[in-house]
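Data first, discussion second: the structure below is written as structure tokens.
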Amino acid sequence: MKFFRYIRKSTEEEDRQILSIESQQESLEQRFPDVEVVRTFVESKSAFKPYNRPAFAEMMERLQNGEADGIIAWDPSRLSRNPIDAGSLIHFLDTGVIKDLKFGTYHFDNSPEGKMMLQFALSQSKYSSDKLSKDVKRGMLKKCANGWRPNLAPTGYMNDLYGLKGEKKVLPDPERFDLVRKMWDMLLSGTYSVSEIRRIANKEWGFTTRKYKKTGGRPLALSAIYNMFTNPFYHGEYEWDGQWYKGNHQAMVTKEEFDRAQLILGRKGKPRPQKHRFALTGLIRCAHCGCMVTAEQKVKVLKKVKSSRLYTYYRCSHHSNTIECHEPAVQQDELHQQVADILETLTIPENLLACTLKYLNDAHEKETRDRSKITSSLQQAYNDCAKRIDNLLALYISPQNSDKSVLTDEEFTVKKQGLVKEKNELGARLQDTDGRLNAWLELAQGVFKFATHAKYWFEHGTIEDKKTIFQQLGQNFLLSDGKLTLELHSPFVAIQKGMEKLKQEFPTFSPISDAPTPLKDRFLQSWSSLINDVRTGVITI
3 MKFFRYIRKS TEEEDRQILS IESQQESLEQ RFPDVEVVRT FVESKSAFKP YNRPAFAEMM
63 ERLQNGEADG IIAWDPSRLS RNPIDAGSLI HFLDTGVIKD LKFGTYHFDN SPEGKMMLQF
123 ALSQSKYSSD KLSKDVKRGM LKKCANGWRP NLAPTGYMND LYGLKGEKKV LPDPERFDLV
183 RKMWDMLLSG TYSVSEIRRI ANKEWGFTTR KYKKTGGRPL ALSAIYNMFT NPFYHGEYEW
243 DGQWYKGNHQ AMVTKEEFDR AQLILGRKGK PRPQKHRFAL TGLIRCAHCG CMVTAEQKVK
303 VLKKVKSSRL YTYYRCSHHS NTIECHEPAV QQDELHQQVA DILETLTIPE NLLACTLKYL
363 NDAHEKETRD RSKITSSLQQ AYNDCAKRID NLLALYISPQ NSDKSVLTDE EFTVKKQGLV
423 KEKNELGARL QDTDGRLNAW LELAQGVFKF ATHAKYWFEH GTIEDKKTIF QQLGQNFLLS
483 DGKLTLELHS PFVAIQKGME KLKQEFPTFS PISDAPTPLK DRFLQSWSSL INDVRTGVIT
543 I
């Protein structure tokens with residue numbers, strides 16, 4: 003018979019006495035040297051819950067496919083600690099999918115009595131897991147009631163490694179406690195952003211988290227600092243299993259300081275995600291050093307009225323190691339106003355949008371009629387080229403050319419390559435004709451609608467609306483001396499220039515019904531010229 007070998011090591015407390023993966027495999031090889039093992043499945047997963055072990059699931063599936071007749075494992079508990087997996091094993095034994103089980107510490111006989119004893123062994127494993135889980139939970143709740151938080155201590159604290167089991171305390175980390183408190187002071191001052199605090203701690207202080215067996219010993223991540231600044235453990239309280247407890251550990255900050263920190267972060271008890279906080283971050287660069295422009299919030303404490311006010315600034319991130327940058331910061335409201343002023347130069351009045359769209363549709367219909375003639379001509383040229391290729395091939399293989407006196411191999415190859423190239427070019431032009439015709443209409447309509455409504459949505463929309471509108475304007479966004487510059491996309495350049503010209507010539511921005519005909523004609527000529535300028539550059543967006 004063929005067997006699968008299954009080896010599992012869990013991190014559960016009870017399983018720590020079970021042989022390691024390497025020891026299990028070595029012991030099974032010595033215990034069953036003559037058994038044919040077609041594959042070994044190895045995983046480090048808990049069997050307490052079903053559907054949690056991909057290697058076990060794959061092994062059971064391959065057993066159903068008849069790739070093996072049995073399983074070798076160190077102990078029944080390696081195969082299952084839950085009733086669903088245990089039931090699957092018994093069912094496979096009953097139906098003959100599994101013909102034999104071999105264990106290093108347990109004897110199994112594939113008989114009614116043997117399967118009954120196996121069920122007892124698997125049930126015992128389930129009972130042991132349930133009892134262990136209940137005992138561990140009870141012990142942790144007792145520890146919480148005594149004022150000591152279970153599990154790994156937060157940054158700035160350390161677990162008491164030498165206390166009695168269940169009574170181990172959480173102590174200040176002598177190497178990090180004061181540094182973490184200094185990070186809190188920097189946040190509470192309102193003059194440092196979380197990103198700045200992280201940069202100073204990691205690069206200037208050389209801060210690293212406490213080293214454990216498998217984790218730690220690394221610089222602080224941004225998410226770790228946010229978790230630290232929003233963790234109530236630092237002011238003396240913690241939550242466990244849905245209940246709040248007062249800790250006996252040394253608090254790092256007061257409750258008042260903790261609450262003020264949440265106000266600075268932007269949301270009571272939770273950090274505001276950086277990527278949703280500011281509309282223009284990630285898009286603008288500093289004109290002096292080329293670093294990205296970031297945003298930060300500062301709290302100004304108004305002592306007379308005993309309140310705080312939150313301000314947002316955009317500034318250079320100062321990430322350059324070679325260029326010293328002293329570019330000033332600019333308030334968010336001022337920067338947003340600069341963007342709104344740019345959008346104002348593009349804004350098309352509502353009363354012109356309708357006639358613009360009508361002009362575009364009329365131009366599209368006319369171009370469609372013209373393109374049909376062009377398409378017909380291209381199709382005829384394409385068909386003629388294909389026919390010439392056929393004629394060339396017919397001549398090459400004809401009896402008159404059996405001695406290659408009419409058309410040599412070299413001549414055939416050169417002429418065929420030229421014709422095939424011509425045919426491919428004509429085919430590409432045929433496919434591109436209709437596609438470009440529909441593309442320019444859709445893009446041009448979108449540009450004019452954007453120009454009409456962009457300023458309103460930037461001023462009244464969400465942060466994501468502002469970011470999207472700003473991105474669509476152009477490229478090379480630079481901030482210099484608090485002033486924003488950018489390169490507008492070509493259609494918006496045409497709109498900006500055209501609108502400036504129209505404002506000078508026609509202050510009302512629309513032809514008046516009773517206006518003199520020459521004035522109407524002059525306005526419509528200028529307006530159609532603007533539309534055509536946008537159409538010319540619209541495909542380059």
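Its first residue numbered 3, the sequence shown is counted upward by one per residue in our numbering.
In this text, a Cβ means the ideal position worked out from N, Cα and C, and glycines have one as well.
All values reported here derive from a predicted model rather than from experimental measurement.
- Residue 188: member of the alpha helix (DSSP H) spanning 179-191, first to last residue.
- With 16 or more other Cβ atoms from the protein chains shown falling within 10 Å of its own Cβ, residue 341 counts as buried.
- By the neighbour-count criterion, in which 16 or more other beta carbons inside 10 Å mark a residue as buried, residue 260 falls on the buried side.
- The three-state reading of DSSP puts residue 296 in strand, counting E and B together.
- With a cutoff of 8 Å on beta-carbon distance, residue 40 and residue 6 are scored as near each other.
- Excluding residues up to 5 positions away in sequence, 10, 11, 12, 13, 23 lie with their Cβ nearer than 8 Å to the Cβ of residue 46 in the same chain.
- By the neighbour-count criterion, in which 16 or more other beta carbons inside 10 Å mark a residue as buried, residue 504 falls on the buried side.
- DSSP, read as helix, strand or coil, puts residue 261 in helix.
- Within the stretch 52-80, the runs of alpha helix (DSSP H) that reach at least 4 residues and sit entirely inside it are, in chain order, 56-66.
- Residue 111 counts as exposed, since fewer than 16 other beta carbons sit within 10 angstroms of its beta carbon.
- Taking one beta carbon from each stretch, the stretch 330-337 and the stretch 348-359 have fewer than 3 pairs nearer than 8 Å; the two do not touch.
- Residue 476 sits in a strand when the DSSP states are folded into three classes.
- For residue 196, the closest of 484, 179, 229 by C-alpha to C-alpha distance is 229.
- Under the Cβ criterion (8 Å, minimum of three pairs), the stretch 151-167 counts as touching the stretch 207-222.
- Beta-bridge analysis with DSSP links residue 41 to 6.
- Here residue 82 is near residue 124, since their CB atoms are less than 8 Å apart.
- CA-CA distance, residue 151 to residue 253, rounds to 13 Å.
- For the pair residue 397 and residue 408, the CB atoms are nearer than the 8 Å cut-off.
- Within its own chain, the residues whose Cβ lies closer than 7 Å to the Cβ of residue 288, once the five positions on either side in sequence are excluded, are 295, 318, 327, 329, 481, listed in chain order.
- Judged by DSSP in its simplified three-state form, residue 317 adopts strand.
- In the DSSP secondary-structure assignment, residue 241 is bridged to 246.
- Buried is the label assigned to residue 457, since at least 16 other Cβ atoms lie within 10 Å of its Cβ.
- In the structure shown, residue 46 adopts coil according to DSSP, grouped into three states.
- Here residue 251 is buried. Its C-beta has 16 or more other C-beta atoms within 10 Å.
- Of the candidates 190, 235, 470, the residue whose Cα lies closest to the Cα of residue 284 is 470.
- Between the alpha carbons of residue 80 and residue 217 lies a distance of about 27 Å.
- Counting of Cβ neighbours within 10 angstroms places residue 506 among the exposed residues, the total staying below 16.
- Linking residue 345 to residue 315 through their CA atoms gives a straight-line distance of about 21 Å.
- Residue 86 sits in a helix when the DSSP states are folded into three classes.
- If you look at residue 102, you'll find it in the beta strand (DSSP E) that goes 102-105.
- DSSP places residue 174 within a strand segment (E or B) once states are collapsed to three.
- Counting along the chain, the unbroken beta strand (DSSP E) around residue 160 starts and ends at 159-161.
- Per DSSP, reduced to three states, the secondary structure at residue 332 is strand.
- In summary, residue 74 is buried, with 16 or more beta-carbon neighbours lying within 10 Å of its beta-carbon over all protein chains present.
- Residue 106 sits away from residue 71, with the two beta carbons spaced by 8 Å or more.
- Between residue 489 and residue 476, the CB-CB gap stays under 8 Å.
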